[in-house]
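Everything in the sequence shown is counted per full-length UniProt numbering, starting at 1 for the first residue and increasing by one.
For glycine and all other residues, C-beta sits at the position ideal for the given N, C-alpha and C.
Quick caveat: nothing in here was measured; it's all calculated off a predicted structure.
Here is the structure we will look at.
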Amino acid sequence: MIDALKRASARSVTVVSPFYPYARQDKKHRGREPISARLIADLYKTAGADRLMCVDLHTSQIQGFFDGPLDHLFAIPVLAEYIKSRVENPENVTVVSPDTGRVRVAEHWATLLGGAPLAFVHKTRDINVPNQAVSKTVVGEIEGRSCVLIDDMIDTGGTIAGAVNVLKEKGAKEVIIAATHPVFSGPAVERLSGCGASEVVVTNTLPVPDDKRFENLTVLSIAPLVARAIREVFDEGSVTNIFNDHA
Ligand code: R5P
């Protein structure tokens, strides 16, 4: 599509890719691996993209893979607004990161939820086995508390279901999951619907087909946020300002 637009003399081409493909392959985890996230940026550029717009990149450094402007949008205003409406007692909320890599994002969540305390799950992966994570224990106060468990994506559901399991074992009162990208591959639906979370909240940065929807799943639309960002770009306004209210 980018190539077609370029050859049809488009003045500029902006790629709106709410989910950035291969985002987790942003480094070599061991020798002789590709850095596919970089390759995707090169493909976009070579095809003729002038600008990219994405939501919740797996790591912010991916912005630098694309040689041009990249608008990095955040789903947190959409997700947090909804979560606030679901939590009965805000004083009893703990924000939980499913691994140490997402603690900074969890801090942002904690601020938006009125200074909630933080916890994180100690997760390990075997680099030789793709898509398999082991959640070991949780660091932080979660006993008797309503836990908001956040992540950028749910792929096979192993990370998030493992984290719910650990939180429940350690006495969490309830767990609400909030994640941006519903990849939902392989056993994800089975894991999520049976993990004991009271609600799974995602956005539609990826489509969720009917056969992957389950009872306690909520899919929020990311479209208004993306639309606002597109308008800012084409009116030469500010994408950054969209998020200033939620800083
Ligand atoms: C990991 O770094 C990501 O943020 C997600 O936690 C992970 O990729 C989710 O994958 P899965 O659902 O297969 O555990």
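Check your understanding: Which term fits residue 3, buried or exposed, when burial requires 16 or more other beta carbons within 10 angstroms of its beta carbon?
Key -> Position 3 of the sequence shown, counting from 1, holds the residue named residue 3. Exposed, by the Cβ-count rule.
Practice item. Tell whether a beta-carbon distance below 8 Å holds between residue 222 and residue 178. Key: Mapped onto the sequence shown, residue 222 falls at position 222. Mapped onto the sequence shown, residue 178 falls at position 178. No, Cβ-Cβ distance for residue 222 and residue 178 is not below 8 Å.
Review point. Where does the unbroken beta strand (DSSP E) through residue 120 begin, and where does it stop?
Key: Looking up residue 120 in the sequence shown gives position 120. Element bounds for residue 120: 118-125.
Check your understanding: Secondary structure at residue 7, three-state DSSP: helix, strand or coil?
Key -> Residue numbering aside, residue 7 sits at position 7 when the sequence shown is read from its first letter. The answer is helix: DSSP assigns residue 7 an H, G or I state.
Exercise for review: Could you pull the start and end residues of the beta strand (DSSP E) that residue 168 belongs to?
Suggested key: Here residue 168 refers to the residue found at position 168 when the sequence shown is read from its first residue. First-last for residue 168: 158-169, but that is the alpha helix (DSSP H), not the beta strand (DSSP E).
Review point. Using a threshold of 7 Å, is the CB atom of residue 24 nearer than that to any non-hydrogen atom of the ligand R5P?
Key: The residue labelled residue 24 in the question sits at position 24 within the sequence shown. Distances between the C-beta of residue 24 and the heavy atoms of the ligand R5P include at least one below 7 Å.
Review point. Is DSSP giving residue 50 helix, strand or coil here?
Key: Counting from 1 along the sequence shown, the entry for residue 50 is found at position 50. Coil.
Check your understanding: By the 10 Å Cβ neighbour count, where 16 or more other Cβ atoms means buried, how is residue 135 classified, buried or exposed?
Key -> What you label residue 135 is simply residue 135 of the sequence shown in a count that begins at 1. The residue in question, residue 135, is buried, as its Cβ has 16 or more Cβ neighbours within 10 Å.
Review point. Between which two residues does the alpha helix (DSSP H) carrying residue 69 extend?
Key: For the purposes of this step, residue 69 is taken as residue 69 along the sequence shown, with counting starting at 1. Note, residue 69: premise wrong, no alpha helix (DSSP H); not H, not E.
Point to revise | Between the CA atoms of residue 48 and residue 214 - distance to the nearest angstrom | key: To locate residue 214, count along the sequence shown from 1; it is residue 214. To locate residue 48, count along the sequence shown from 1; it is residue 48. Going by the C-alpha atoms only, they are around 39 Å apart.
**Study point:** Contact check, residue 33 vs residue 94, beta carbons under 8 Å
**Key:** On the sequence shown, position 33 is the one that residue 33 refers to. On the sequence shown, position 94 is the one that residue 94 refers to. Taking a C-beta distance under 8 Å as the contact criterion, residue 33 and residue 94 do not qualify as a contact pair.
Exercise for review: Count the other C-beta atoms from every protein chain shown that fall within 10 angstroms of the C-beta of residue 1, then say buried if there are 16 or more, exposed otherwise.
Suggested key: What you label residue 1 is simply residue 1 of the sequence shown in a count that begins at 1. It is exposed - the Cβ of residue 1 has fewer than 16 other Cβ atoms within 10 Å.
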